[in-house]
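One line per chain: the protein sequences are Z and B, in this order.
Counting from 1, one number per residue, gives the positions in the first sequence under the numbering used here.
Counting from 1001, one number per residue, gives the positions in the second sequence under the numbering used here.
Let me begin by presenting the structure, written as structure tokens, before commenting on it.
There are 2 protein chains.
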Amino acid sequence: MATDSLSAAFAALADPTRRAILARLATGPATVKELSAPFPMSGPAISKHLRVLERAGLIAQGREAQWRPRTLEPQPLKEVADWAEKHRKIWEKNFQRLDDYLEQLKGEERA
Amino acid sequence: MATDSLSAAFAALADPTRRAILARLATGPATVKELSAPFPMSGPAISKHLRVLERAGLIAQGREAQWRPRTLEPQPLKEVADWAEKHRKIWEKNFQRLDDYLEQLKGEERA
DNA sequence: GCTTTAGATAACCAACTAGTTAGATAACTA
DNA sequence: TAGTTATCTAACTAGTTGGTTATCTAAAGC
Chain Z
1 MATDSLSAAF
11 AALADPTRRA
21 ILARLATGPA
31 TVKELSAPFP
41 MSGPAISKHL
51 RVLERAGLIA
61 QGREAQWRPR
71 TLEPQPLKEV
81 ADWAEKHRKI
91 WEKNFQRLDD
101 YLEQLKGEER
111 A
Chain B
1001 MATDSLSAAF
1011 AALADPTRRA
1021 ILARLATGPA
1031 TVKELSAPFP
1041 MSGPAISKHL
1051 RVLERAGLIA
1061 QGREAQWRPR
1071 TLEPQPLKEV
1081 ADWAEKHRKI
1091 WEKNFQRLDD
1101 YLEQLKGEER
1111 A
């Protein structure tokens, strides 16, 4: 995998299990046990997903007795949202220009 | 890789070479030759990146004599942007609630 | 001190990724 | 027809991913 932070964030989000974990965390901090409950998957598998999310900076780890509650870290998601929104707008403009061009062609044909 | 379309789009975007290719295509259609020019990488390597982008639905392939010009397809990027923006907002609300709560605690302490 | 609970780590495996070189296909050019 | 250009496919390699089971650590409860 590429090592830049945007690539790490995109890669971390490219898995439905990890996106579901983030969705759960959006309702508040949760322990590993709570996070793994919905998935038909071993604990270590969830631990690995959490490590991917953590290396991407999307979550952070707390410590409370024998629990390590995870919480969201918004910064990388903000970078992803900004990138996607920016490029979505550019692409749209691109397509608008194409539409304008096709419209113009039609007009010239008629004339 | 997970097979759902959102996962495929995120995975395709998780590589700086592929994001650069998309950035180039945002300025208009381009041949494989043109797309590979900026990269110190063999043609087949670029072909593979293009296949990943195509399977994610982010680009389409034209045909003109011996060229196969690629163009952008906006739909999957829109899905990515929507997902990211939606969750960014939820996370922010989450953090706002946390801030409110901490503010409230401070107020109660003072009282 | 022993048991239980939460979680991490290690070792392994199958599948996939990102690159390579070599060779095939298909269309233009002289 | 022969040669050149654009592109794709095949076969290979090294490294990564996503899962498993087995084992370890640390805190809590009795």
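Glycine included, every Cβ here is placed at the ideal spot set by N, Cα and C.
Around the C-beta of residue i, are 16 or more other C-beta atoms found within 10 angstroms, so that it is buried, or is it exposed?
i: Phe39/Z; result: exposed
i: Arg1026/B; result: The question names Arg, but residue 1026/B is Ala in the sequence shown. Classification of Ala1026/B: exposed, given that the 10 Å Cβ count is below 16.
i: Asp15/Z; result: buried
i: Arg1018/B; result: buried
i: Ala37/Z; result: exposed
Return the first residue and the last residue of the alpha helix (DSSP H) that residue i is part of.
i: Leu25/Z; result: 16–25
i: Ala9/Z; result: 5–13
i: Ala45/Z; result: 43–55
By the DSSP assignment, the beta strand (DSSP E) with residue i in it spans what residues?
i: Arg1068/B; result: No beta strand (DSSP E) contains Arg1068/B, which DSSP labels as neither H nor E.
i: Ala60/Z; result: 59–61
Helix or strand or just coil, what does DSSP make of residue i?
i: Phe37/Z; result: Here the sequence assigns Ala to residue 37/Z, which means Phe is not the residue at that position. Of the three classes helix, strand and coil, the one that applies to Ala37/Z here is coil, per DSSP.
i: Ala2/Z; result: coil
Original post:
Is there contact between the segment 72–83 of chain Z and the segment 36–51 of chain Z, where contact requires at least three CB pairs shorter than 8 Å?
Top reply: The segment 72–83 of chain Z is not in contact with the segment 36–51 of chain Z.
Subject >> Inter-stretch contact (C-beta, 8 Å, three-pair minimum) for the segment 1046–1060 of chain B and the segment 81–92 of chain Z >> reply: As far as the Cβ criterion goes, the segment 1046–1060 of chain B does not touch the segment 81–92 of chain Z, which means the pair count is below three.
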